[in-house]
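One structure below.
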Amino acid sequence: MSKLHFIIILLFFPVFVLANEIDECGNNNEARALVKLIKSDNQQKRISIRCNSLLTEAAEAKAKKMSELGLVVHNLEGGPNSRLRNVGYKLPYYYGYDFNSNQVEAIAGGYSDAEEVWDAFKRSELHRTHLLGDLDFYKEQDEIGVAFIKKWESPHVEYWVVYLTKGYEKNQTKLVEFTEIPNKSLFIIQHDKLK
80 MSKLHFIIIL
90 LFFPVFVLAN
100 EIDECGNNNE
110 ARALVKLIKS
120 DNQQKRISIR
130 CNSLLTEAAE
140 AKAKKMSELG
150 LVVHNLEGGP
160 NSRLRNVGYK
170 LPYYYGYDFN
180 SNQVEAIAGG
190 YSDAEEVWDA
200 FKRSELHRTH
210 LLGDLDFYKE
220 QDEIGVAFIK
230 KWESPHVEYW
240 VVYLTKGYEK
250 NQTKLVEFTE
260 IPNKSLFIIQ
270 HDKLK
């Protein structure tokens, strides 16, 4: 390989790696814009958040299903924690197993862009606490995947799913003793477009 080819590879490799990292964060530009807002918010308590393609795929499947049914609900074909376990994502043992267990998912319907839905999430205490890592339990969550689906013939038109959870470690024990393990299974953010 000539020096010129080597230099060209070195110049474009970082762009490819960055593009791949961005693509793992969200299923489209709006989803990736929401990831950027979550990661860069000045109130974000986490030191770093990594993108995970499995979380993005799970988020996209959930958003598509919500748009097909015209619903914005956490417990669609099982709870959020179960959904991630069923697609092969390894959650820590202390994350709930029952139908209503949700320590990983934020959903919304009827918001047309990333800034609008991020404002709505931040106005919701439960979602803000989760997505900004306000509790020690959430602060250890360091992997994200986001999906945005727009379906004009569906009641809410826009559907958002965010998975933000603790990435797999060989020893999935608690780093700290949590005073509480939150569960936001019944809470959703829905725009009043239907009124």
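Per the numbering used here, the very first residue in the sequence shown carries number 80; after that it's consecutive.
Even glycine gets a Cβ: it sits at the ideal position worked out from N, Cα and C.
By the beta-carbon neighbour count (other beta carbons within 10 angstroms, threshold 16), GLU232 is exposed. Between LEU113 and GLN122, the alpha-carbon positions lie close to 15 Å from each other.
Note on geometry: alpha-carbon atoms of GLU194 and ILE128 lie some 19 Å from one another.
Per DSSP, the continuous beta strand (DSSP E) segment holding PHE227 begins and ends at 222-229. Annotation: the continuous alpha helix (DSSP H) that includes TYR217 extends over 215-218. DSSP, read as helix, strand or coil, puts ARG164 in helix. Buried is the label assigned to ILE186, since at least 16 other Cβ atoms lie within 10 Å of its Cβ. Pairing GLU222 with GLY188 gives a Cβ-Cβ distance that is not under 7 Å.
The C-beta of PHE178 has fewer than 16 other C-beta atoms within 10 Å across all chains shown, which makes the residue exposed. Rounded to whole angstroms, LEU148 and ILE126 show a C-alpha spacing of 37 Å. Residue pairing by DSSP leaves THR135 without any beta bridge partner. For GLU184, the secondary structure class from DSSP, reduced to helix, strand or coil, is strand.
Between THR244 and VAL183, the gap from beta carbon to beta carbon is short of 7 Å.
The C-beta distance from SER146 to GLU103 rounds to 22 Å, too long to fall under 8 Å, and the pair is not in contact. In the three-state reduction of the DSSP assignment, GLU237 falls in the strand class. Rounded to the nearest whole angstrom, the C-alpha separation of TYR172 and LYS218 is 17 Å. Distance from the CA atom of ASP215 to the CA atom of LYS229, rounded to whole angstroms, is 34 Å. Counting only residues of its own chain and dropping the five nearest sequence neighbours on each side, LYS201 has a CB closer than 6 Å to the CB of ARG207. Of the residues assessed, GLY167 falls on the exposed side of the cut-off, its CB having fewer than 16 other CB atoms within 10 angstroms.
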